[in-house]
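**Q** Quick one: the structure is below, and I'll ask about it shortly.
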């Protein structure tokens, strides 16, 4: 557990460490680029309300990480932030999350066991390669606020062919116009 006096986790601060669990207190507003990258033993990283920014590759290759529940205060998530979190099965955003921006490609790419994703209200774009090679992705909720979807989003050829669900919060007409 980090002390409440910590407000930022610096770039590469814990990169490659043997951490198993970490709790980010509400005082932490920013997690820097590659802050926890390559922490192969990291099973749980609890994030509290107050976190606004997760940098590029912040949790990249945390191969034991099983889920992420974003706080409602999250505003920005960097490129490849959760890429190659092999055991991650679930991504959720807490109620009240608004206006999240995914900055760059591959946010959850190569999370091979990822099955369930609930994207937040207010999200306007699903970036390129956001779920690239998430071969088990079978349930995703996309809010009506999404107006653009990048390439390589696995809506076909993955878990969706075997009874998975793409739930869209808007109308069929709006869905058909997204590009």
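Residue numbers (my numbering): 4 to 182.
Even for Gly, the Cβ is constructed at its ideal location relative to N, Cα and C.
#1: Please look up how many angstroms separate the CB atoms of residue 99 and residue 75, rounded, as I've assumed it's under 8 Å.
#2: Would you identify the three-state DSSP class for residue 76, choosing helix, strand or coil?
#3: Looking at residue 14 and residue 29, is the spacing between their C-beta atoms short of 8 Å?
#4: With DSSP collapsed to three states, give me the class of residue 136.
#5: Taking Cβ positions, are residue 44 and residue 21 nearer each other than 8 Å?
#6: Can residue 87 and residue 69 be called in contact, C-beta distance under 8 Å?
#7: Evaluate residue 52 with the Cβ neighbour count: other Cβ atoms within 10 Å of its Cβ, from every protein chain shown; 16 or more gives buried, anything less gives exposed.
#8: Is the CB-CB distance between residue 173 and residue 142 below 8 Å?
#9: Considering only heavy atoms of the ligand ZN, does any lie closer than 7 Å to the CB of residue 9?
#10: I need the straight-line Cα distance from residue 103 to residue 125, nearest angstrom please.
**A** Working from what's here:
#1: Start at 1 with the first residue of the chain shown, and residue 99 comes out as number 96. Start at 1 with the first residue of the chain shown, and residue 75 comes out as number 72. Between residue 75 and residue 99 the Cβ distance is about 4 Å, and since that is below 8 Å, they are a contact.
#2: Translated into the one-based positions of the chain shown, residue 76 becomes position 73. Here residue 76 sits in coil by DSSP.
#3: Within the chain shown, residue 29 is the residue found at index 26, counting from 1. Within the chain shown, residue 14 is the residue found at index 11, counting from 1. No; because the gap between Cβ atoms is not below 8 Å, this pair is not in contact.
#4: The sequence position of residue 136 within the chain shown is 133, counting from 1. In this structure, residue 136 counts as coil in the three-state DSSP scheme.
#5: By 1-based counting over the chain shown, the position of residue 44 is 41. By 1-based counting over the chain shown, the position of residue 21 is 18. Taking 8 Å as the Cβ cut-off, residue 44 and residue 21 qualify as a contacting pair.
#6: For the purposes of this step, residue 87 is identified with residue 84 of the chain shown, where counting begins at 1. For the purposes of this step, residue 69 is identified with residue 66 of the chain shown, where counting begins at 1. Taking 8 Å as the Cβ cut-off, residue 87 and residue 69 do not qualify as a contacting pair.
#7: Within the chain shown, numbered from 1, the residue matching residue 52 stands at position 49. Result: exposed.
#8: Position 170 of the chain shown, counted from the first residue, corresponds to residue 173. Position 139 of the chain shown, counted from the first residue, corresponds to residue 142. No, they are not a contact pair.
#9: What this structure holds is no ligand at all, so the ligand ZN is not there to describe.
#10: The count along the chain shown starts at 1 and reaches residue 103 at position 100. The count along the chain shown starts at 1 and reaches residue 125 at position 122. Each residue's Cα considered, the two are about 7 Å apart.
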